[in-house]
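Student: Before anything else, here's the structure in question.
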Ligand code: ADP
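Residue numbers (this note's numbering): 12 to 631.
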């Protein structure tokens, strides 16, 4: 940032180049939701107040140690003036230059571009989950002034002023008090925000649960209550909903909530929520979020990651424990046995909560699972203590379920056929593709239920389950197919003919395959590739290849269907002349076709060329 000294006292600075674009996008994309500028300003003020409160727990050597912690808003409807002031930590000169005027979050521009592409049809819930920050103030003001003084006892006060793009100025001023005041004249078409009633309404909507009093003139507008500290009976449903919207920045009500008040080895109160919807993919930083840690109503740490296992980080809310000392450091939180204990208890409680939901409100549970299942599943491999409970909470679509009507492993086991030895699964990209997979033919024909796994996470989770209710969990590629036989209308090749054909297949395919065998599972497809004895399930192999470019999959076994007319034709050709070029082309084509079905075809060009040759031959 190049400083060009204009006068002796006022310095002018250049904004980051992206700011212009950011501002343009903010103003245009969020035009119909301009009131959120107030939420952003209040939230910054509240952050600043939290910071000073936290610092004063251990360090009283600050400016104005006795100042009330509060936010004051002043409006002048006649002149259209607006000002918001806090007694928070304030900003140093460096912070003013560094923090104000940079595109803070990485997703910001991306998000706003998406909004702009929607051309006005902006989904309010999106904005809720996304902070656009200080800059939103330029939606309602042409020029903004920040006056601030940091809480360090020897700090100086500064005035920052800007029209939002191009440049900003900074000068030293006299300001006796700690904190920050932001003021501006509202644009003509934004004068509504100087109407006290309108301002009150906005505060109530977005900021009612801010931890510090918000005054509009002399009147306190919000209610500062630690809702989680109240006895259950005293919290109204709508308060819960409002509180959730506030802490999760969500426009929708929560899917479910849980209020805990525990005493014992560790004591804490908690108010927890499951969101109704998952944030859109490009805003998904679930793992960065968590519940907030309080001690005696004082915020100790936002999004305290230590409080929840990663796989439970879809939960929002607060945990307040008297066992957490007020004057703790980040390191303390990371290593404290108190936090470990809270996490342990919390995990058990959250799992019970999900179990209840699954039992008593299955619709809701499935909605939760649809939104957060991929994250939750990771618990199988991450939390061994609760592994069995997590596995019971998993849900899967199967060959017998309707789409979006997944079942539990328990339900699967209950309707297993009497002679069925294992729980079978097939993995792939989506349900429709899976249902057409030749590997299923045997199972469909025998009415054996198969789990259809389409979530990429499944290939890491499901194989590791190993066993459920005494039944092995097995990929159908690795299944031993001795349960039942398929009724076949076509007569199969004689053993002689098929042995001969298999020899030719082996000769043509060479070491591309581990083996060629007669299939017991195929009904209507001519061939299929399955994992060899030591091999991985094909979907698993695909994931490994994605993770590791050098990963070499193991060789597969090619199974041929002795009842298929094409296979019979080939057997006849093979009997005549094993070197027949059409026969050899067909074998290669069948092999690569099976690879293609798995999404593993290495040489599409050769495949297409050979197909052309075969068609040419067939149409001679
Ligand atoms: P965010 O709050 O998401 O970081 P903002 O653009 O709203 O993004 O604010 C940028 C930074 O400016 C804040 O992180 C904070 O460091 C500083 N800041 C903004 N408002 C205040 C305030 N009222 N008091 C102290 N610092 C503030």
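Glycine included, every Cβ here is placed at the ideal spot set by N, Cα and C.
Measuring only the C-alpha atoms, how far is residue 494 from residue 571?
Tutor: Indexing the chain shown from 1 puts residue 494 at position 483. Indexing the chain shown from 1 puts residue 571 at position 560. At residue 494, the pLDDT of 47 sits below 50, so the modelled position is not reliable and the matter cannot be decided from this model.
Student: Does the contact criterion of 3 or more C-beta pairs under 8 Å hold for the region 567–584 versus the region 537–548?
Tutor: The region 567–584, when compared against the region 537–548, does touch it at the 8 Å Cβ threshold.
Student: Starting from residue 542, follow its DSSP beta bridges and name the residues at the other end.
Tutor: Against the chain shown, residue 542 aligns to sequence position 531. Its beta-bridge partners are 567.
Student: Taking C-alpha atoms, which residue in 111, 59 and 104 lies nearest to residue 21?
Tutor: Along the chain shown, one-based indexing puts residue 21 at 10. Of the listed residues, the one whose Cα sits closest to residue 21 is 104.
Student: Would you list the one or two residues that DSSP bridges to residue 10?
Tutor: Look at the range of the chain in this structure, 12 to 631, and you will see that residue 10 is not part of it.
Student: Thinking residue 23 and residue 176 are a contact (beta carbons under 8 Å), I'd like their distance in whole angstroms, please.
Tutor: Position 12 of the chain shown, counted from the first residue, corresponds to residue 23. Position 165 of the chain shown, counted from the first residue, corresponds to residue 176. The pair is not a contact, with the Cβ atoms about 13 Å apart (cut-off 8 Å).
Student: Measuring alpha carbon to alpha carbon, tell me which residue in 446, 526, 524 and 531 is nearest residue 503.
Tutor: For the purposes of this step, residue 503 is taken as residue 492 along the chain shown, with counting starting at 1. For residue 503, the nearest C-alpha among the options comes from 531.
Student: When every heavy atom of the ligand ADP is checked, does at least one fall within less than 7 Å of the C-beta of residue 102?
Tutor: In the chain shown, the residue the question calls residue 102 occupies position 91. Yes, the beta carbon of residue 102 sits closer than 7 Å to at least one heavy atom of the ligand ADP.
Student: Assign residue 515 to one of two classes, buried (16 or more other C-beta atoms within 10 Å of its C-beta) or exposed (fewer than that).
Tutor: Here residue 515 is taken as the residue at index 504 of the chain shown, counted from 1. With 16 or more other Cβ atoms within 10 Å, it is buried.
Student: What span of residues does the alpha helix (DSSP H) with residue 594 cover, start to end?
Tutor: Reading the chain shown from its first residue, position 583 is the one you call residue 594. Here the alpha helix (DSSP H) through residue 594 covers 592–609.
Student: If you count every other CB in all the chains shown that lies within 10 Å of the CB of residue 575, and 16 or more means buried, which is it?
Tutor: Locating residue 575 in the chain shown gives position 564, where the first residue counts as 1. Answer is buried; the Cβ neighbour count reaches 16.
Student: Less than 8 Å between C-beta atoms, sequence neighbours within five positions excluded: which residues of the same chain meet that for residue 66?
Tutor: Taking the first residue of the chain shown as 1, we reach residue 66 at position 55. Same-chain partners within the cutoff: 73, 100 and 162.
Student: Could you check the C-alpha separation between residue 259 and residue 57 for me, to the nearest Å?
Tutor: Taking the chain shown and counting its residues from 1, the one referred to as residue 259 is at position 248. Taking the chain shown and counting its residues from 1, the one referred to as residue 57 is at position 46. If I take the Cα positions, the gap works out to 15 Å.
Student: With respect to 7 Å, is the separation between the Cβ of residue 145 and the closest non-hydrogen atom of the ligand ADP below this value?
Tutor: For the purposes of this step, residue 145 is taken as the residue at position 134 of the chain shown. Residue 145: yes, Cβ under 7 Å from the ligand ADP.
Student: Does the Cβ-Cβ distance between residue 145 and residue 51 come in under 8 Å?
Tutor: As a working mapping, residue 145 is identified with position 134 in the chain shown. As a working mapping, residue 51 is identified with position 40 in the chain shown. Yes, the pair counts as a contact, with Cβ atoms nearer than the cut-off.
Student: Would residue 45 be called buried (16 or more neighbouring beta carbons within 10 Å of its own) or exposed?
Tutor: Counting from one through the chain shown, the residue named residue 45 turns up at place 34. Buried: at least 16 other Cβ atoms inside 10 Å.
Student: Is residue 170 closer than 8 Å to residue 154 when the C-beta atoms are compared?
Tutor: The residue you call residue 154 lines up with position 143 of the chain shown. The residue you call residue 170 lines up with position 159 of the chain shown. No, the pair does not count as a contact, with Cβ atoms beyond the cut-off.
Student: The ligand ADP heavy atoms versus the CB of residue 105: any closer than 7 Å?
Tutor: Locating residue 105 in the chain shown gives position 94, counting from the first residue. False, no ligand heavy atom lies under 7 Å from that Cβ.
Student: May I ask you to verify whether the region 261–274 touches the region 309–316, counting CB pairs closer than 8 Å and requiring at least 3?
Tutor: Taking 8 Å as the limit for Cβ pairs, the verdict is that the region 309–316 does not touch the region 261–274.
Student: Which same chain residues end up closer than 6 Å to residue 372 when comparing Cβ atoms and leaving out the 5 residues on each side of it in sequence?
Tutor: Here the question's residue 372 lines up with position 361 in the chain shown. Correct list: empty, nothing qualifies.
Student: Using CA atoms only, rank isn't needed, just tell me which of 470, 166, 209 and 477 is closest to residue 186.
Tutor: As a working mapping, residue 186 is identified with position 175 in the chain shown. Comparing Cα positions, the closest option is 166.
Student: Could you tell me how far apart the beta carbons of residue 362 and residue 409 are, in whole angstroms, since I believe they sit closer than 8 Å?
Tutor: Sequence index remark: in the chain shown, residue 362 carries index 351 (1-based). Sequence index remark: in the chain shown, residue 409 carries index 398 (1-based). Wrong, their Cβ atoms sit about 24 Å apart, outside the cutoff.
Student: For residue 448, is the beta carbon positioned less than 7 Å from some heavy atom of the ligand ADP?
Tutor: Counting from one through the chain shown, the residue named residue 448 turns up at place 437. Checking the Cβ of residue 448 against the ligand ADP gives no.
Student: Looking only at its own chain, which residues have a Cβ that is under 8 Å from the Cβ of residue 92, when we skip the five neighbours before and after it?
Tutor: Sequence index remark: in the chain shown, residue 92 carries index 81 (1-based). Only 85, 86, 194, 195, 196, 197 and 205 meet the Cβ criterion.
Student: Comparing the CB of residue 110 with every heavy atom of the ligand ADP, is any distance shorter than 7 Å?
Tutor: To locate residue 110, count along the chain shown from 1; it is residue 99. Checking the Cβ of residue 110 against the ligand ADP gives yes.
Student: Please classify residue 244 as buried or exposed, where buried requires at least 16 other C-beta atoms within 10 Å of its C-beta.
Tutor: On the chain shown, residue 244 is found 233 positions in, with the first residue counted as 1. Residue 244 is exposed by the Cβ-count criterion.
Student: Where does residue 243 sit, in a helix, a strand or coil, going by DSSP?
Tutor: One-based indexing of the chain shown puts residue 243 at position 232. In this structure, residue 243 counts as helix in the three-state DSSP scheme.
Student: Measure the C-alpha to C-alpha separation of residue 619 and residue 610 and round it to an integer number of angstroms.
Tutor: For the purposes of this step, residue 619 is taken as the residue at position 608 of the chain shown. For the purposes of this step, residue 610 is taken as the residue at position 599 of the chain shown. Straight-line Cα distance between these residues: approximately 15 Å.
Student: Thinking C-alpha only, which one of 470, 262 and 250 is nearest residue 47?
Tutor: By 1-based counting over the chain shown, the position of residue 47 is 36. With distances taken between Cα atoms, residue 47 lies closest to 262.
Student: Can you grab the Cα-Cα spacing for the pair residue 308 / residue 423, in whole Å?
Tutor: By 1-based counting over the chain shown, the position of residue 308 is 297. By 1-based counting over the chain shown, the position of residue 423 is 412. Looking at the two C-alpha atoms, the distance is approximately 46 Å.
Student: Would you call the region 402–421 and the region 451–470 in contact, with 3 or more CB pairs under 8 Å?
Tutor: With a cut-off of 8 Å, the region 451–470 and the region 402–421 count as touching, because enough Cβ pairs lie within range.
Student: From which residue to which residue does the alpha helix (DSSP H) around residue 388 run?
Tutor: Locating residue 388 in the chain shown gives position 377, counting from the first residue. Its alpha helix (DSSP H) spans residues 373–388.
Student: Say yes only if the C-beta of residue 55 is nearer than 7 Å to one or more non-hydrogen atoms of the ligand ADP, and no if none qualify.
Tutor: Numbered from 1 along the chain shown, position 44 holds the residue referred to as residue 55. Under cutoff, so the answer is yes.
Student: So, using beta-carbon positions, are residue 82 and residue 53 closer together than 8 Å?
Tutor: Residue numbering aside, residue 82 sits at position 71 when the chain shown is read from its first letter. Residue numbering aside, residue 53 sits at position 42 when the chain shown is read from its first letter. Yes, the pair counts as a contact, with Cβ atoms nearer than the cut-off.
Student: Whole-angstrom Cβ separation of residue 277 and residue 304, contact assumed at under 8 Å?
Tutor: The count along the chain shown starts at 1 and reaches residue 277 at position 266. The count along the chain shown starts at 1 and reaches residue 304 at position 293. Not quite, the Cβ-Cβ distance comes to about 13 Å (not below 8 Å), so this is no contact.
Student: Below 7 Å, is the gap between the Cβ of residue 165 and the nearest heavy atom of the ligand ADP?
Tutor: Position 154 of the chain shown, counting from 1, holds the residue named residue 165. Outside the cutoff, so no.
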